[in-house]
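Asker:
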Amino acid sequence: MAGLDLVPLCVTFLLCFWEIQYGIVAGVLVSAGLLLYSISRPHIKVSEHGAILLQPSSGLYFPAIEFLCDTVHKRILSVSSLSTVILDCTHVSNIDYTGVMGLSELLRECRHKRISLIFINMQAHVLQVLLAADLEGFCHYSSLEDAENSCEELLCRANEDLFDGRDGILPTSGIIQ
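So in the numbering used here the end of the sequence shown lands on 260, straight run, no missing numbers.
1) Could you work out which residue in 136, 142, 102 is closest to residue 119 when comparing CA atoms only?
2) Taking C-alpha atoms, which residue in 171, 130, 86, 85 lies nearest to residue 206?
3) Would residue 102 be called buried (16 or more neighbouring beta carbons within 10 Å of its own) or exposed?
4) On a CA-only basis, which of 219, 174, 179 is nearest residue 195? Give me that one, please.
5) Which residues does DSSP list as the beta-bridge partners of residue 125?
6) Between the beta-carbon of residue 148 and the beta-carbon of residue 186, is there less than 8 Å?
7) Nearest-angstrom Cα distance between residue 109 and residue 123?
8) Roughly how many whole angstroms lie between the Cα atoms of residue 125 and residue 223?
9) I think residue 127 touches residue 146, with their Cβ atoms under 8 Å apart; what is that distance to the nearest whole Å?
10) Tell me whether residue 131 sits in a helix, a strand or coil according to DSSP, three-state version.
11) Let me know if residue 155 comes out buried or exposed under the rule of 16 or more other beta-carbons within 10 Å of its beta-carbon.
12) Going by DSSP, what residue range makes up the beta strand (DSSP E) through residue 173?
13) Counting only the same chain and skipping the five closest in sequence on each side, list residues whose C-beta sits under 6 Å from that of residue 137.
14) Which first and last residues belong to the alpha helix (DSSP H) in which residue 166 is found?
15) For residue 201, name the three-state secondary structure that DSSP assigns.
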């Protein structure tokens with residue numbers, strides 16, 4: 084039994100000495116409060132290796148998406164030269180309307196800051212919901228390796244387009260030779 088599981092037990096037990104009904108109601112309310120807290124504040128595993136990788140531990144419902152957005156904002160502000168944020172949705176089994184709208188806003192903010200937000204390992208139901216929402220800039224891959232390969236290809240293409248000599252950065256007329 085975990086330490087946190089003892090809280091409703093102790094509340095129920097102690098209040099049952101006053102009135103048994105109050106003890107049962109208090110135990111149920113404390114249990115519900117603990118359950119709602121764990122749903123609204125999912126554990127988010129964060130790792131940094133060139134990009135920030137975030138892995139939430141549960142579904143993205145209204146309070147959880149707000150917590151995820153806050154976590155992403157804190158990470159974006161803490162790293163100066165960030166170009167990619169990867170959201171690993173392995174454990175995300177459900178998403179609601181507010182979650183979709185929160186991800187839409189997060190995509191918009193990342194695009195405004197010129198940061199790529201990439202989704203990986205999405206379950207079929209969640210992917211179907213996000214594709215149906217037609218989010219602007221939504222990019223998903225089946226694995227981290229696929230996402231890394233795609234990012235490398237995009238960087239190579241961007242460098243080739245920048246330095247191919249067709250569209251020079253400096254004007255060609257008036258250059259002193």
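Where is the CB? At the ideal position from N, CA and C, for every residue including glycine.
In this text, all values refer to a predicted model and were calculated from it rather than measured experimentally.
Answerer: To lay it out plainly:
1) Indexing the sequence shown from 1 puts residue 119 at position 36. Of 136, 142, 102, the residue nearest in Cα terms is 142.
2) Sequence index remark: in the sequence shown, residue 206 carries index 123 (1-based). Nearest of 171, 130, 86, 85 to residue 206, Cα basis: 171.
3) Residue numbering aside, residue 102 sits at position 19 when the sequence shown is read from its first letter. Counting Cβ neighbours within 10 Å, residue 102 comes out exposed, since fewer than 16 surround it.
4) As a working note, residue 195 is residue 112 in the sequence shown. Of the listed residues, the one whose Cα sits closest to residue 195 is 219.
5) As a first step, residue 125 must be located in the sequence shown, where it is residue number 42. Looking at the DSSP assignment, residue 125 forms no beta bridge with any residue, so it has no partner.
6) Along the sequence shown, read from residue 1 onward, the residue named residue 148 stands at position 65. Along the sequence shown, read from residue 1 onward, the residue named residue 186 stands at position 103. The answer is yes: Cβ separation under 8 Å.
7) The residue given as residue 109 occupies position 26 in the sequence shown. The residue given as residue 123 occupies position 40 in the sequence shown. When rounded, the distance between both Cα atoms is 21 Å.
8) Numbered from its first residue, the sequence shown carries residue 125 at position 42. Numbered from its first residue, the sequence shown carries residue 223 at position 140. Each residue's Cα considered, the two are about 22 Å apart.
9) Position 44 of the sequence shown holds residue 127. Position 63 of the sequence shown holds residue 146. With 8 Å as the limit, residue 127 and residue 146 do not qualify as a contact, their Cβ atoms being about 13 Å apart.
10) As a position in the sequence shown, residue 131 is number 48, starting the count at 1. Three-state DSSP puts residue 131 in a strand.
11) Position 72 of the sequence shown holds residue 155. Classification for residue 155: buried.
12) Here residue 173 is taken as the residue at index 90 of the sequence shown, counted from 1. From DSSP, residue 173 is part of no beta strand (DSSP E); its letter is neither H nor E.
13) Translated into positions along the sequence shown, residue 137 becomes position 54. For residue 137, the CB contacts under 6 Å within the same chain, skipping 5 residues up- and downstream, are 127, 129, 170 in chain order.
14) As a first step, residue 166 is located in the sequence shown; it is residue number 83 there, counting from the start. First-last for residue 166: undefined, no H or E at that position.
15) For the purposes of this step, residue 201 is taken as the residue at position 118 of the sequence shown. In this structure, residue 201 counts as strand in the three-state DSSP scheme.
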